[in-house]
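I have placed the structure first, in the form of structure tokens, so that the comments after it can refer back to it.
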Amino acid sequence: MNQAAAVRRDAVLTAVDLAERLGPVPMSRIRHDPPAGLGAEADVAAIYECEGRLYELCDGVLVEKILSEFDARLANQVAERLEDFVTEESLGQVRREDGLFRFAPGLVRAPDVSFVDERRWAELSTDGPILNVTPDLAVEIISVGN
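Numbering (numbering that gives the first Met the number 0), first residue to last: 0 to 145.
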């Protein structure tokens, strides 16, 4: 077989491959520039900084993070209560939906609400919008659309 014609086994070849890899994610949330499977952390950061749109990265696929109005209100209520407690006890930092976290190389997530312990936050260095730490607590609002 010609090496140029060889295809990586983990490549995204069809929409079915993509659906099997990501699960029941609406295709309208999948960004096609860069093509599925070729996305990188730099793309997540650039899109967020230039367009103000939030994407998560999983296996080279950029998936737009969308919250309905109801989900956003619920996430804000959770965040406000958590912030009150965390601030009162000086426990750390609470982030909302725009908190981008590098869970592993090539895996960037944006939990709806997250918490990072103060000791870990103090040691954190960041070179952009993606934090190189996993949150101690991550909250996801589960709805029909996700």
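The beta carbon of each residue, even a glycine, is placed where N, CA and C say it ideally should be.
Take residue i and list the residues in its own chain whose beta-carbon comes closer than 7 Å to its own, dropping the five residues that flank it on each side.
{"i": "residue 94", "result": "113"}
{"i": "residue 133", "result": "100, 102"}
{"i": "residue 137", "result": "110, 113"}
{"i": "residue 78", "result": "93, 95, 112"}
{"i": "residue 24", "result": "62"}
List the whole-angstrom C-beta distance separating residue i from residue j, where the pair is believed to meet the contact cut-off of C-beta under 8 Å.
{"i": "residue 117", "j": "residue 91", "result": "4 Å"}
{"i": "residue 42", "j": "residue 61", "result": "6 Å"}
Please classify residue i as buried or exposed, where buried requires at least 16 other C-beta atoms within 10 Å of its C-beta.
{"i": "residue 72", "result": "exposed"}
{"i": "residue 34", "result": "exposed"}
{"i": "residue 104", "result": "exposed"}
{"i": "residue 142", "result": "exposed"}
{"i": "residue 126", "result": "exposed"}
{"i": "residue 38", "result": "buried"}
{"i": "residue 32", "result": "exposed"}
Leaving aside the five residues before and after residue i along the sequence, list all residues of the same chain whose C-beta is less than 6 Å from its C-beta, in chain order.
{"i": "residue 131", "result": "101"}
{"i": "residue 81", "result": "93"}
{"i": "residue 74", "result": "111, 112, 140"}
Tell me where the beta strand (DSSP E) around residue i begins and ends.
{"i": "residue 116", "result": "112 to 116"}
{"i": "residue 109", "result": "Element bounds for residue 109: n/a, residue is neither H nor E."}
{"i": "residue 43", "result": "Unbroken run through residue 43 is the alpha helix (DSSP H), 40 to 50; no beta strand (DSSP E)."}
{"i": "residue 55", "result": "54 to 57"}
{"i": "residue 103", "result": "99 to 103"}
{"i": "residue 93", "result": "91 to 94"}
{"i": "residue 61", "result": "60 to 63"}
I'd like to check one pair, residue j with residue i: are the Cβ atoms closer than 8 Å?
{"i": "residue 59", "j": "residue 36", "result": "yes"}
{"i": "residue 106", "j": "residue 53", "result": "no"}
{"i": "residue 30", "j": "residue 68", "result": "no"}
{"i": "residue 28", "j": "residue 65", "result": "yes"}
{"i": "residue 44", "j": "residue 129", "result": "yes"}
Along the alpha helix (DSSP H) that carries residue i, what are the first and last residues, could you check?
{"i": "residue 73", "result": "68 to 88"}
{"i": "residue 143", "result": "Taken as a continuous stretch (DSSP letters only), residue 143 belongs to no alpha helix (DSSP H), as it is neither H nor E."}
{"i": "residue 19", "result": "14 to 21"}
Who are the Cβ neighbours of residue i in its own chain at under 8 Å, not counting the five residues just before and after it?
{"i": "residue 14", "result": "26"}
{"i": "residue 4", "result": "At residue 4, the pLDDT of 43 sits below 50, so the modelled position is not reliable and the matter cannot be decided from this model."}
{"i": "residue 123", "result": "115, 130, 131, 132"}
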